[in-house]
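The opening position of the sequence shown corresponds to residue 1 in UniProt numbering, with each subsequent residue numbered one higher.
Even glycine gets a Cβ: it sits at the ideal position worked out from N, Cα and C.
Read the structure below first, then the notes.
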Amino acid sequence: MNYRNIRELNNIILNKLSIMPRDFDLIVGVPRSGMLPANLLSLYLNKPYTDIDSFLNGHIYKAGARSQFFDGDGFKKILVVDDSIASGSAMTECKERLKHLESKFDIKYCAIYIIPGKEKMVDYHFEVVPLPRYFQWNILNHTSLEKACFDIDGVLCPDPLPEQNDDGEKYIDFILNAPPLFIPGAKIGTIVTSRLEKYRKETETWLKANNIKYNDLVMLDLPDMKARQKANNHGEHKAKAYMSKPYVLFVESEPAQAIEINRLSKKPVLCTENFEMIYDSESFMYNLKSGKHFPFLREYALKARNKLRQLKKVAD
């Protein structure tokens, strides 16, 4: 699995911004996944931007205004941006929509991520990323979520506050009335939670009320909160459900549990606390040390190490 989050999207654009000419007059994003990178490129290139439909209707976005008409004579070179290319069908469709404007505008095409072999489909690309691929900005609508497990608290809804977690009436009220958090647009394979089995009815009521579609709901079959705290096997409980079927992803909110689920299952886990993907081949600690996670910590550690080495040389 190849995963990119918004932080990595921003970084790859910044790191390779020099490949982009500075003479574009307008950035046009392909709805909806292309709007985020189009917005970033517009920001860093200091150019106005819009979406394809607005462009066709002569509208652009400007600071302080929802949209404004633009004078076609003032915009000649156009950059059309999408987040990625896989089959290439979306980009082909986009080019067809704009084909009648090629005599009026100099239109170039850009995709941030492409799969190998699709380099010639665009004029500019930033990174070659093979399939299978997930992006933070569309993972909650990915068709493969039926091959995924989701936790509830911290993912589908916030965690209960300490005063709500009384294993009684307050907790039942929380379950029934918890605000939604990250709600997927596709059907989930299995929802796996450390909630107790005795709260199944209330949990199912909330899931139905929030239009969350799923195949199975796995809960902890323990009598009460004390028994759950004594067992303290949240990661093992979730990893067991993850390993029971050929699932490809687990979505968990708590970093320590995400690491444990990954360690036991040897399969990827997406942590919604920071939207980082934890892989078997790259542990959380490895990613911290390599700078993939929280790169400022690595920079600080390297500076501290170099300072210590200088002090040691002076002392010698």
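Quiz item: If you run the structure through DSSP and keep just helix, strand and coil, what is Glu273?
Solution: Taking the first residue of the sequence shown as 1, we reach residue 273 at position 273. If DSSP states are grouped into helix, strand and coil, Glu273 belongs with coil.
Quiz item: By the 10 Å Cβ neighbour count, where 16 or more other Cβ atoms means buried, how is Ala258 classified, buried or exposed?
Solution: Here residue 258 refers to the residue found at position 258 when the sequence shown is read from its first residue. When all chains shown are included, Ala258 counts as buried.
Exercise. Rounded to whole angstroms, what's the CA-CA distance from Lys76 to Gly189? Just pull it up for me.
Key: Within the sequence shown, residue 76 is the residue found at index 76, counting from 1. Within the sequence shown, residue 189 is the residue found at index 189, counting from 1. Approximately 48 Å, taken between the alpha carbons.
Exercise. For Thr50, write down the residues that DSSP places opposite it in a beta bridge.
Key: Indexing the sequence shown from 1 puts residue 50 at position 50. In the DSSP output, where bridge partners are listed per residue, Thr50 has Val28.
Self-check item: Cβ separation of Pro37 and Leu9, assumed to be a contact under 8 Å, to the nearest whole Å
Solution: For the purposes of this step, residue 37 is taken as residue 37 along the sequence shown, with counting starting at 1. For the purposes of this step, residue 9 is taken as residue 9 along the sequence shown, with counting starting at 1. Right, their Cβ atoms sit about 6 Å apart.
Quiz item: Around the C-beta of Lys238, are 16 or more other C-beta atoms found within 10 angstroms, so that it is buried, or is it exposed?
Solution: Here residue 238 refers to the residue found at position 238 when the sequence shown is read from its first residue. Answer is buried; the Cβ neighbour count reaches 16.
Self-check item: Cβ neighbours of Leu14 in the same chain (closer than 6 Å, five flanking residues each side left out)
Solution: Working through the sequence shown from its first residue, we reach residue 14 at position 14. Excluding sequence neighbours, Leu14 sits near nothing in its chain.
Quiz item: From Asp167, Leu264 and Cys271, pick the residue whose C-alpha is nearest to that of Asp280; which is it?
Solution: Walking along the sequence shown from the start, residue 280 turns up at place 280. Ranking Asp167, Leu264 and Cys271 by Cα distance to Asp280 puts Leu264 first.
Quiz prompt | One or two residues paired with Asn2 in a DSSP bridge | solution = Working through the sequence shown from its first residue, we reach residue 2 at position 2. DSSP, once it has assigned bridges, lists Arg133 as partnering Asn2.
Quiz item: Does the beta-carbon distance from Val155 to Leu181 come in below 8 Å?
Solution: Position 155 of the sequence shown, counted from the start, is the residue given in the question as residue 155. Position 181 of the sequence shown, counted from the start, is the residue given in the question as residue 181. Yes.
Quiz item: What do you get for Asp23, buried or exposed, if any count of 16 or more other CB atoms within 10 angstroms of its CB means buried?
Solution: Looking up residue 23 in the sequence shown gives position 23. Asp23 comes out exposed.
Quiz item: alpha helix (DSSP H) containing Lys240: first to last residue?
Solution: Along the sequence shown, one-based indexing puts residue 240 at 240. Looking at the DSSP string, the run of the alpha helix (DSSP H) that includes Lys240 is His234 to Met243.
Practice problem: Just mark Asn211 as buried or exposed, buried being the case when its beta carbon has 16 or more other beta carbons within 10 Å. | Solution: The sequence position of residue 211 within the sequence shown is 211, counting from 1. Burial call: exposed.
Practice problem: Indicate the three-state DSSP secondary structure (helix, strand or coil) for His125 in the structure shown. | Solution: Start at 1 with the first residue of the sequence shown, and residue 125 comes out as number 125. Correct three-state label for His125: strand.
Exercise. Rounded to whole angstroms, what's the CA-CA distance from Pro179 to Phe55? Just pull it up for me.
Key: Residue 179 sits at position 179 when you count from the first residue of the sequence shown. Residue 55 sits at position 55 when you count from the first residue of the sequence shown. Straight-line Cα distance between these residues: approximately 37 Å.
Quiz prompt | Straight-line gap, Lys118 to Ile175 (C-alpha atoms, nearest Å) | solution = Locating residue 118 in the sequence shown gives position 118, where the first residue counts as 1. Locating residue 175 in the sequence shown gives position 175, where the first residue counts as 1. Lys118 and Ile175: Cα-Cα distance of roughly 47 Å.
Practice problem: Compute the distance between the beta-carbons of Phe126 and Lys16, then report whether it is under 8 Å. | Solution: Translated into positions along the sequence shown, residue 126 becomes position 126. Translated into positions along the sequence shown, residue 16 becomes position 16. For Phe126 and Lys16, yes; Cβs fall inside 8 Å.
Quiz item: If you drop the 5 nearest sequence neighbours on each side, which residues of the same chain put their C-beta closer than 7 Å to that of Tyr3?
Solution: Numbered from 1 along the sequence shown, position 3 holds the residue referred to as residue 3. Tyr134 and Met277, listed in sequence order.
Self-check item: Closest Cα partner of Ser87 within the set Trp137, Gln164, Cys149 and Ile114
Solution: The sequence position of residue 87 within the sequence shown is 87, counting from 1. Of Trp137, Gln164, Cys149 and Ile114, the residue nearest in Cα terms is Ile114.
Quiz item: Assuming Ile253 contacts Asp151 under a Cβ cut-off of 8 Å, what Cβ separation, rounded to an integer in Å, is found between them?
Solution: Position 253 of the sequence shown, counting from 1, holds the residue named residue 253. Position 151 of the sequence shown, counting from 1, holds the residue named residue 151. It should be noted that the sequence gives Ser, not Ile, for residue 253. Confirmed, about 6 Å.
Quiz item: Quick one: is Asn262 buried, meaning 16 or more other Cβ sit within 10 Å of its Cβ, or exposed?
Solution: Walking along the sequence shown from the start, residue 262 turns up at place 262. Buried.
Exercise. Might you give, ordered along the chain, the residues of its own chain that have their beta carbon closer than 6 Å to the beta carbon of Ser33, omitting 5 neighbours on each side?
Key: As a working mapping, residue 33 is identified with position 33 in the sequence shown. The answer, listed in chain order, is Asp83 and Asn138.
Quiz item: Would you call Ala304 buried or exposed, if buried means 16 or more other Cβ atoms sit within 10 Å of its Cβ?
Solution: Walking along the sequence shown from the start, residue 304 turns up at place 304. Classification of Ala304: exposed, given that the 10 Å Cβ count is below 16.
Quiz prompt | Inter-residue spacing [alpha-carbon to alpha-carbon] between Ala256 and Lys208 | solution = By one-based count along the sequence shown, residue 256 stands at place 256. By one-based count along the sequence shown, residue 208 stands at place 208. The straight-line gap from Cα to Cα measures roughly 29 Å.
Quiz item: Going along the chain, which residues of its own chain have a beta-carbon closer than 8 Å to the beta-carbon of Pro116, five neighbours each way excluded?
Solution: Here residue 116 is taken as the residue at index 116 of the sequence shown, counted from 1. For Pro116, where only same-chain residues beyond five positions count, the Cβ hits under 8 Å are Val128 and Pro130.
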